[in-house]
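Engineer: Before I ask anything, let me first share the structure, which is written out below as structure tokens.
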Amino acid sequence: MFCRWLNSLFKLGFTRQLKVDDLYDVRPQDESNHLADKLEKVIQPYLVGEVIDYFSPDTQMTSQDVYTYAIALTVTGMIQMCILPLYFYSMHCVAMQMKAAVGAIIYRKILKMSSYSLHKTSTGQVVNMLSTDVNTFDYATEAFHFIWIAPIEIAIVLYLIYRRMGIAAFFTLTVILSMVPLQFLLGYLFGTLRTRIGSEKDKRTLLMNEVITGMSIIKMYCWEKPISHLITQLRRQELKQIWHSSVLMSVNKSLFLASGRLLALVIFAAAWKMGLPLTAKTVFSSIGWIEILQLSVFFFLFSAIEKNTQLAASLKRIQRVLLLDDMHTVDGTRNKANIGPVRISESDSNIAVEINSMTAFWDSHLQNNKPGNSKANDVQM
Numbered sequence: 001m002f003c004r005w006l007n008s009l010f011k012l013g014f015t016r017q018l019k020v021d022d023l024y025d026v027r028p029q030d031e032s033n034h035l036a037d038k039l040e041k042v043i044q045p046y047l048v049g050e051v052i053d054y055f056s057p058d059t060q061m062t063s064q065d066v067y068t069y070a071i072a073l074t075v076t077g078m079i080q081m082c083i084l085p086l087y088f089y090s091m092h093c094v095a096m097q098m099k100a101a102v103g104a105i106i107y108r109k110i111l112k113m114s115s116y117s118l119h120k121t122s123t124g125q126v127v128n129m130l131s132t133d134v135n136t137f138d139y140a141t142e143a144f145h146f147i148w149i150a151p152i153e154i155a156i157v158l159y160l161i162y163r164r165m166g167i168a169a170f171f172t173l174t175v176i177l178s179m180v181p182l183q184f185l186l187g188y189l190f191g192t193l194r195t196r197i198g199s200e201k202d203k204r205t206l207l208m209n210e211v212i213t214g215m216s217i218i219k220m221y222c223w224e225k226p227i228s229h230l231i232t233q234l235r236r237q238e239l240k241q242i243w244h245s246s247v248l249m250s251v252n253k254s255l256f257l258a259s260g261r262l263l264a265l266v267i268f269a270a271a272w273k274m275g276l277p278l279t280a281k282t283v284f285s286s287i288g289w290i291e292i293l294q295l296s297v298f299f300f301l302f303s304a305i306e307k308n309t310q311l312a313a314s315l316k317r318i319q320r321v322l323l324l325d326d327m328h329t330v331d332g333t334r335n336k337a338n339i340g341p342v343r344i345s346e347s348d349s350n351i352a353v354e355i356n357s358m359t360a361f362w363d364s365h366l367q368n369n370k371p372g373n374s375k376a377n378d379v380q381m
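In terms of full-length UniProt numbering, the sequence shown has 70 at position 70, counting the first letter as 1, and numbering is strictly consecutive.
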């Protein structure tokens with residue numbers, strides 16, 4: 001809770017510069033499951049209802065019972081306070097490991113790319129993948145488990161509300177189910193915009209790299225204004241997609257802020273219409289459970305849908321780079337179909353390399369299209 005295990009690391013950092021070996025490894029037990037936290041949050045509204053029931057005129061609860069519920073309510077809040085930071089910490093550790101692994105794979109891929117693949121990949125595109133696309137792991141892992149936890153929590157909370165308010169609880173499920181298709185639509189739009197933003201950013205960074213490389217030519221021909229106008233146009237296109245994404249994000253946040261009031265309005269209006277009694281115990285307990293649904297479903301679950309669609313779009317961009325052709329090495333023992341072997345002869349010391357009937361391509365995909373135009377004569381060097 002107080003992170004005292006970091007004290008020794010801080011002391012070591014004051015004495016000398018920290019090294020990689022000085023850092024702690026992530027413990028397996030730190031990847032804690034937050035089901036305990038969700039269970040405590042479900043219990044809290046029930047305890048609140050029991051405490052409020054003590055103040056009802058016809059209550060049969062003793063003072064000892066209400067003190068017990070009050071202590072239990074305090075303990076569940078403290079447990080939640082201790083477990084929730086550990087969950088987010090463990091998820092960020094997992095995201096960090098995923099980012100490091102994907103970044104290393106991209107780096108290794110770049111080292112062995114063929115010449116044609118390098119021409120199709122710009123430095124700015126690689127920088128965007130390592131700085132923007134890889135960072136989507138941070139947001140996607142935070143709410144990932146709510147994809148399967150939220151339906152379970154909905155069933156539990158609906159059962160608890162049903163015990164308090166009867167059939168009116170199922171109107172809550174109607175509101176939730178009506179918003180799920182809208183959220184999937186927003187998630188699809190988020191993924192589409194994420195792809196467009198990445199594409200526009202790649203165009204801008206590619207142009208900036210070319211401008212920096214050819215700065216002397218631009219200065220010599222006084223092309224500053226045309227190039228500046230072109231960069232501005234590309235940046236405006238990028239900002240346009242970012243603005244659309246921000247609008248959708250605002251709509252998503254508005255749904256989260258309005259969902260709690262909407263659920264309370266629907267369930268209490270249905271209970272009033274059916275003539276069900278609305279006591280303080282029933283109202284406060286139901287509001288507590290509605291707040292749980294608001295946080296778990298309308299924030300974490302919908303956020304998981306949004307962030308994972310963005311992550312899927314980023315992974316597709318990374319996949320396109322990883323699927324590019326690698327640089328092929330050729331030795332004396334390699335012999336493919338319809339290709340003569342490359343023989344290294346040691347009989348003539350004046351010949352370093354001997355090539356017989358070699359066919360070479362900048363783009364291996366054109367090998368089956370125009371094989372006759374790329375065939376070279378026998379060469380001795």
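Glycine included, each C-beta is placed from N, C-alpha and C at the ideal position.
Nothing here was measured: the structure is a model prediction, and the numbers come from that model.
#1: Counting only the same chain and skipping the five closest in sequence on each side, list residues whose C-beta sits under 6 Å from that of A313.
#2: From which residue to which residue does the alpha helix (DSSP H) around R317 run?
#3: Below 8 Å on the Cβ atoms is my contact criterion, and I expect E153 with S259 to pass it. Report the Cβ-Cβ distance as a whole number of Å.
#4: Are three or more beta carbon pairs between the segment 135-146 and the segment 297-312 nearer than 8 Å?
#5: With a Cβ-Cβ cutoff of 8 Å, do V126 and I110 count as a contact?
#6: Just to confirm, are G124 and M220 a CB contact at a threshold of 8 Å?
#7: Taking Cβ to Cβ, would you say T136 is nearer than 8 Å to L311?
#8: Buried or exposed: where does V134 fall if 16 or more other Cβ atoms within 10 Å of its Cβ makes it buried?
#9: Can you tell me the Cα-Cα spacing of R164 and M249, whole angstroms?
#10: Let me know if Y159 comes out buried or exposed under the rule of 16 or more other beta-carbons within 10 Å of its beta-carbon.
#11: Would K203 and L234 qualify as a contact pair, given that the criterion is a beta-carbon distance under 8 Å?
#12: Which residue from T174, Q237 and F170 puts its Cα closest to that of S199?
#13: Reducing DSSP to helix, strand and coil, say where D133 ends up.
#14: In terms of residue numbering, what span does the alpha helix (DSSP H) encompassing residue 400 cover?
#15: Classify M274 as helix, strand or coil using the three-state DSSP reduction.
#16: Going along the chain, which residues of its own chain have a beta-carbon closer than 7 Å to the beta-carbon of L189, five neighbours each way excluded?
#17: Does the beta-carbon of G187 have 16 or more other beta-carbons within 10 angstroms, so that it is buried, or is it exposed?
#18: On the DSSP bridge assignment, give the partners of D326 in chain order.
#19: If the criterion is Cβ atoms closer than 8 Å, does the pair F171 and V266 meet it?
#20: Tell me the DSSP secondary structure of N252 in three-state form.
#21: In whole angstroms, what separates the C-alpha of S286 from that of H92?
#22: Taking its Cβ as the centre, do 16 or more other Cβ atoms sit within 10 Å of M215, making it buried, or is it exposed?
#23: For L160, which three-state DSSP category applies?
#24: With DSSP as the reference, label S216 as helix, strand or coil.
#25: Should L323 go down as buried or exposed, given a rule of 16 or more other Cβ atoms within 10 Å for buried?
#26: Select from M98, L230, I106 and I197 the residue whose C-alpha is nearest the C-alpha of I318.
#27: Here's the rule: buried if 16 or more other CB atoms are within 10 angstroms of the residue's CB, otherwise exposed. What is Q97?
#28: In whole angstroms, give me the CA-to-CA distance for G166 and S178.
#29: Is the separation between the beta-carbon of W263 and that of V180 shorter than 8 Å?
#30: May I ask you to report which of helix, strand or coil DSSP gives H145?
#31: What separation, rounded to the nearest whole angstrom, lies between the Cα atoms of K307 and I217?
#32: Which residues in the same chain as E291 place their Cβ atom closer than 7 Å to its Cβ, once the five residues preceding and following it in sequence are excluded?
#33: Where does S32 fall in DSSP's three states?
#34: In whole angstroms, what is the alpha-carbon distance linking V157 and I71?
#35: Please classify residue 423 as buried or exposed, where buried requires at least 16 other C-beta atoms within 10 Å of its C-beta.
#36: Do T205 and S90 count as a contact pair if the criterion is CB distance below 8 Å?
Structural biologist: In short, the structure shows the following:
#1: Translated into positions along the sequence shown, residue 313 becomes position 313. If we look at A313 and ignore the five residues flanking it on each side, its Cβ neighbours are G191, R194 and T195.
#2: Stepping through the sequence shown from its first residue, residue 317 is reached at position 317. Here the alpha helix (DSSP H) through R317 covers F302 to L322.
#3: By 1-based counting over the sequence shown, the position of residue 153 is 153. By 1-based counting over the sequence shown, the position of residue 259 is 259. Going by Cβ atoms, the distance from E153 to S259 rounds to 14 Å, so no, they are not a contact pair.
#4: Output reads yes: the segment 297-312 touches the segment 135-146.
#5: Along the sequence shown, read from residue 1 onward, the residue named residue 126 stands at position 126. Along the sequence shown, read from residue 1 onward, the residue named residue 110 stands at position 110. Taking 8 Å as the Cβ cut-off, V126 and I110 qualify as a contacting pair.
#6: Looking up residue 124 in the sequence shown gives position 124. Looking up residue 220 in the sequence shown gives position 220. No.
#7: On the sequence shown, position 136 is the one that residue 136 refers to. On the sequence shown, position 311 is the one that residue 311 refers to. Taking the C-beta atoms as reference points, L311 is found nearer than 8 Å to T136.
#8: Within the sequence shown, residue 134 is the residue found at index 134, counting from 1. V134 comes out buried.
#9: Within the sequence shown, the letter at position 164 stands for residue 164. Within the sequence shown, the letter at position 249 stands for residue 249. If you take the alpha carbons of R164 and M249, they lie about 35 Å apart.
#10: Translated into the one-based positions of the sequence shown, residue 159 becomes position 159. Y159 is exposed by the Cβ-count criterion.
#11: Working through the sequence shown from its first residue, we reach residue 203 at position 203. Working through the sequence shown from its first residue, we reach residue 234 at position 234. With contacts defined as CB atoms closer than 8 Å, K203 and L234 qualify as a contacting pair.
#12: Taking the first residue of the sequence shown as position 1, residue 199 is located at position 199. The residue with the shortest Cα to Cα distance from S199 is Q237.
#13: The residue you call residue 133 lines up with position 133 of the sequence shown. Three-state DSSP puts D133 in a helix.
#14: In the structure as shown, the chain starts at 1 and stops at 381, and residue 400 therefore has no counterpart that could be examined.
#15: On the sequence shown, residue 274 is found 274 positions in, with the first residue counted as 1. Here M274 sits in coil by DSSP.
#16: As a first step, residue 189 must be located in the sequence shown, where it is residue number 189. Excluding residues up to 5 positions away in sequence, L248 lie with their Cβ nearer than 7 Å to the Cβ of L189 in the same chain.
#17: Position 187 of the sequence shown holds residue 187. Burial is judged here by how many other beta carbons sit within 10 angstroms of a residue's own beta carbon; G187 has at least 16 and is buried.
#18: Residue mapping note: residue 326 aligns to position 326 of the sequence shown, counting from 1. D326 is bridged by DSSP to M113.
#19: Counting from one through the sequence shown, the residue named residue 171 turns up at place 171. Counting from one through the sequence shown, the residue named residue 266 turns up at place 266. It is a contact, given that the beta carbons lie within the stated cut-off.
#20: On the sequence shown, position 252 is the one that residue 252 refers to. Correct three-state label for N252: helix.
#21: Within the sequence shown, the letter at position 286 stands for residue 286. Within the sequence shown, the letter at position 92 stands for residue 92. If you take the alpha carbons of S286 and H92, they lie about 33 Å apart.
#22: On the sequence shown, position 215 is the one that residue 215 refers to. Exposed: under 16 other Cβ atoms inside 10 Å.
#23: Within the sequence shown, residue 160 is the residue found at index 160, counting from 1. DSSP places L160 in helix when its eight states are reduced to three.
#24: Within the sequence shown, residue 216 is the residue found at index 216, counting from 1. The answer is helix: DSSP assigns S216 an H, G or I state.
#25: Position 323 of the sequence shown, counted from the first residue, corresponds to residue 323. The residue is exposed, with fewer than 16 neighbouring Cβ atoms inside 10 Å.
#26: Residue numbering aside, residue 318 sits at position 318 when the sequence shown is read from its first letter. Ranking the options by Cα distance to I318, first place goes to I106.
#27: Position 97 of the sequence shown, counted from the first residue, corresponds to residue 97. Exposed, because fewer than 16 other Cβ atoms sit within 10 Å of the Cβ of Q97.
#28: On the sequence shown, residue 166 is found 166 positions in, with the first residue counted as 1. On the sequence shown, residue 178 is found 178 positions in, with the first residue counted as 1. Rounded to the nearest angstrom, the two C-alpha atoms are 21 Å apart.
#29: Here residue 263 refers to the residue found at position 263 when the sequence shown is read from its first residue. Here residue 180 refers to the residue found at position 180 when the sequence shown is read from its first residue. The residue asked about is misnamed: residue 263 is Leu in this sequence, not Trp. Their beta carbons are not under 8 Å apart, which means L263 does not touch V180 by this criterion.
#30: Here the question's residue 145 lines up with position 145 in the sequence shown. Correct three-state label for H145: coil.
#31: Your numbering for residue 307 matches position 307 in the sequence shown. Your numbering for residue 217 matches position 217 in the sequence shown. In a straight line, the C-alpha of K307 is about 43 Å away from that of I217.
#32: Residue numbering aside, residue 291 sits at position 291 when the sequence shown is read from its first letter. Hits under 7 Å: G260.
#33: Taking the first residue of the sequence shown as 1, we reach residue 32 at position 32. Per-residue confidence for S32 stands at a pLDDT of 34, beneath the threshold of 50, marking its modelled position as unreliable; no derived number is given.
#34: The residue labelled residue 157 in the question sits at position 157 within the sequence shown. The residue labelled residue 71 in the question sits at position 71 within the sequence shown. Approximately 23 Å, taken between the alpha carbons.
#35: This structure does not reach residue 423, given that the chain is present from 1 up to 381, and the question cannot be answered.
#36: For this step, residue 90 is matched to residue 90 along the sequence shown. For this step, residue 205 is matched to residue 205 along the sequence shown. The Cβ atoms of S90 and T205 lie no closer than 8 Å to each other.
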